[in-house]
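Numbering (the UniProt record's numbering), first residue to last: 1 to 286.
Next up, the structure:
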């Protein structure tokens, strides 16, 4: 079963003094392009986190975000008491009768009046956060699977269309042969030359063999069936599907160059259109 590279997963965790929110977004990409955004206190865990994400997501342009919302009275910003007192004393020296409350309001706005103490990661909290990350990964994995179901339906529809168009094109083969025979016979009659019928038939067969599309039809049919088998597989197969579409395109192009028939060429153009739609969607397959 195929999976889409596009997905979104979200999970939240409520700790005693903070709320943790994890969001993972994924878009299509040739390889794994992983970007992480989180508070600086968690940066020391980034390497392990990247390994955790890459082992589960495999491919795609991944944006990982970890948000921390303080919900309790805990804060990492503290008043720098010696600095604030120093500001107040200096301002008292300038304005002896100033109100101390007003001086305090002014002092806490001055540079370095507040100091931020670096938080340390609590191991128990981090284990809980990892559980939430796993939950978000499960959510994005399910999203990718659901999108994969839609992609599979689209692929099967387009493949069926190409198969039908191919068979319709082959149905014109007999008519095309007769048209070629008639055109050559008319051209010879206009020359008013006696022609050896056996030689004429031999040359006609040689001529028609160059425009025979039987091999292309058989190979294209094999590629179409192989594509269907591949999307039903269990492994990630976006690149493989891309290679198969390239082979399909070669056979369709060869059929178009050999067709030499207006209606067949129209059908070949329609097959190319269906194949391009498949190629566009294959880029989204994991």
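Note that the Cβ used here is the ideal one computed from N, Cα and C, for glycine as well. Please read these numbers as outputs of a predicted model, since none were measured by experiment.
query, result
"Environment of residue 268 [buried if 16+ CB atoms lie within 10 Å]", "buried"
"Residue 38 and residue 148 closer than 8 Å at C-beta", "no"
"Cβ neighbour criterion (16 or more within 10 Å) applied to residue 151", "buried"
"Residue 220, buried or exposed, once every other Cβ within 10 Å from all chains shown has been counted against 16", "buried"
"Whole-angstrom distance between residue 81 and residue 58, CA atom to CA atom", "51 Å"
"From 262, 54, 64, 182, residue whose alpha carbon lies closest to that of residue 8", "64"
"Beta-carbon proximity of residue 140 to residue 66, cut-off 8 Å", "no"
"Under 8 Å between C-beta atoms of residue 246 and residue 155", "no"
"Distance between beta carbons of residue 70 and residue 36, contact taken as under 8 Å", "About 21 Å separates the two Cβ atoms, so there is no contact after all."
"Length-filtered (3 minimum) beta strand (DSSP E) runs lying within the UniProt domain \"Endoribonuclease YicC-like N-terminal\" (2-152)", "7-14, 18-27, 32-37, 60-70, 77-79, 114-116"
"Assumed close pair residue 50, residue 27 - CB separation to whole angstroms, cut-off 8 Å", "That belief does not hold up - the Cβ atoms of residue 50 and residue 27 are roughly 18 Å apart, past 8 Å."
"Distance, residue 143 Cα to residue 126 Cα", "25 Å"
"Rounded separation between residue 175 and residue 264 - CA only", "11 Å"
"Buried or exposed by the 16-neighbour rule on C-beta atoms within 10 Å, applied to residue 218", "exposed"
"Rounded Cβ spacing between residue 213 and residue 255 (contact assumed at less than 8 Å)", "5 Å"
"Nonlocal neighbours in the same chain, by C-beta distance under 8 Å from residue 244, ignoring five residues either side", "223, 226, 227, 230"
"Residue 271 to residue 248 span [Cα, whole Å]", "10 Å"
"Residue from 165, 23, 279 with nearest C-alpha to residue 62", "23"
"Buried versus exposed call for residue 3 [16 or more other C-beta atoms within 10 Å across all chains shown]", "buried"
"Counted within 10 angstroms of its Cβ, other Cβ atoms place residue 47 as buried (16 or more) or exposed", "exposed"
"Delimiting residues of the alpha helix (DSSP H) encompassing residue 215", "214-231"
"Nearest-angstrom Cα separation, counted from residue 153 out to residue 238", "15 Å"
"Closest residue to residue 252 among 275, 131, 42 (Cα-Cα distance)", "275"
"Sub-8 Å separation of residue 83 and residue 113 beta-carbons", "yes"
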